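K.L.:
First the structure, which I've put down as structure tokens, then a few questions once you've had a look.
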Amino acid sequence: MTLEAAPTDLSGRTCVVTGANGGIGSATAEHFAQLGARVLTTDLGDTFAGDCESEHQAFDLLSEDGLKDCQAWIADAQPDVLFNNAALFDMGSVLEADLNQYDRLFGLNVRAAYALMQASAQSMVKQGKPGSIINLASQAGHRGEALVAHYCATKAAIISYTQSAALALAPHKIRVNAISPGVIDTPMWKDVDALFAKFEGKEIGQKKREVGEAVPLGYMGKPYEIARVAVFLASDQSQYMTAQTLSVDGGNVLR
């Protein structure tokens with residue numbers, strides 16, 4: 120019997136990437152483009168900061184009009200792949216994290232993510248074609264943290280929505296999976312590190328150094344290490360996989 124490896128080639132596929140100007144988003148858009156995909160990107164900024172060609176649109180996903188416009192844009196794009204990445208991070212203990220923070224984090228990380236997943240799925244069903252939806256969870260979605268209550272809860276919700284959507288969309292041959300990154304060295308970590316410095320009384324740079332050293336593999340991940348897994352989930356390499364959350368965290372979370 121001749122064994123044939125499934126290709127990672129994405130030629131002929133349309134891939135939508137949200138939160139595209141962050142480290143993980145831009146790296147993933149670049150990987151998709153390098154493998155032949157038509158790439159559409161969105162973020163708050165008017166231009167795409169990554170190193171590849173993309174059809175870019177700016178949307179404020181916390182705005183009702185912005186979210187509706189983005190849903191319509193996705194419907195017009197008729198995507199084969201959604202990389203559902205846009206998210207906010209913030210901190211505060213349960214005694215301090217107020218409902219304004221709750222509304223912002225759940226508004227983007229859960230409400231908008233669900234709406235864009237739904238818009239993509241509806242387009243795929245309407246076109247009668249299989250597809251792949253990739254939601255961005257986090258190691259924070261697997262366990263609570265004292266200073267990150269709202270963010271952890273949003274990422275736990277993403278894991279749950281991934282499972283439910285996968286089961287609902289399986290009859291349409293639409294696969295839904297999630298990636299759960301650990302500590303990834305992106306530009307956002309400058310803000311995260313500053314928040315830990317504020318809440319834990321650490322020196323600037325100390326938390327980032329500590330979390331990298333605590334990873335079993337010994338270092339913070341790079342955005343391309345998430346993008347490579349996104350390529351796997353977008354391609355035929357993962358055609359028998361759905362409803363899964365893949366931990367890409369250097370061994371931080373054992374489950």
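Its first residue numbered 120, the sequence shown is counted upward by one per residue in my numbering. For glycine and all other residues, C-beta sits at the position ideal for the given N, C-alpha and C. Quick caveat, the model's predicted, so the values are computed rather than measured.
For the beta strand (DSSP E) that residue 204 lies in, which residues bound it at each end?
P.N.:
Looking at the DSSP string, residue 204 is not in any beta strand (DSSP E), and its letter there is neither H nor E.
K.L.:
Applying the 10 Å Cβ sphere with the 16-neighbour rule, what's the burial state of residue 213?
P.N.:
Label assigned to residue 213: exposed.
K.L.:
Could you tell me how far apart the beta carbons of residue 258 and residue 372 are, in whole angstroms, since I believe they sit closer than 8 Å?
P.N.:
The Cβ separation is near 5 Å, so the contact holds.
K.L.:
Rounded to the nearest angstrom, how far is the Cβ of residue 251 from that of residue 334, given a contact under 8 Å?
P.N.:
Actually they are not in contact, since the Cβ atoms of residue 251 and residue 334 sit about 28 Å apart, beyond 8 Å.
K.L.:
Which of the three DSSP states, helix, strand or coil, is assigned to residue 147?
P.N.:
Of the three classes helix, strand and coil, the one that applies to residue 147 here is helix, per DSSP.
K.L.:
Can you give me the start and stop residues for the beta strand (DSSP E) that residue 333 sits inside?
P.N.:
Taken as a continuous stretch (DSSP letters only), residue 333 belongs to no beta strand (DSSP E), being part of the alpha helix (DSSP H) at 325-333.
K.L.:
According to DSSP, residue 374 sits in a beta bridge with which residue or residues?
P.N.:
According to DSSP, residue 374 bridges with nothing at all.
K.L.:
Can you pull the DSSP bridge partners for residue 175?
P.N.:
According to DSSP, which records beta bridges pairwise, residue 175 is partnered with 160.
K.L.:
Can you tell me whether residue 361 is helix, strand or coil according to DSSP?
P.N.:
Residue 361 falls in the coil class under three-state DSSP.
K.L.:
Inspect the CB distances between the segment 219-232 and the segment 283-292 and report whether three or more fall short of 8 Å.
P.N.:
No: fewer than three Cβ pairs fall under 8 Å.
K.L.:
What did DSSP end up calling residue 254 once you bin it into helix, strand or coil?
P.N.:
Correct three-state label for residue 254: strand.
K.L.:
Compute the Euclidean distance between the alpha carbons of residue 311 and residue 194, then round it to the nearest angstrom.
P.N.:
Cα to Cα, residue 311 sits roughly 34 Å from residue 194.
K.L.:
At a cut of 8 Å, does the segment 363-370 reach the segment 297-317 through at least three beta carbon pairs?
P.N.:
They touch, by the three-pair rule.
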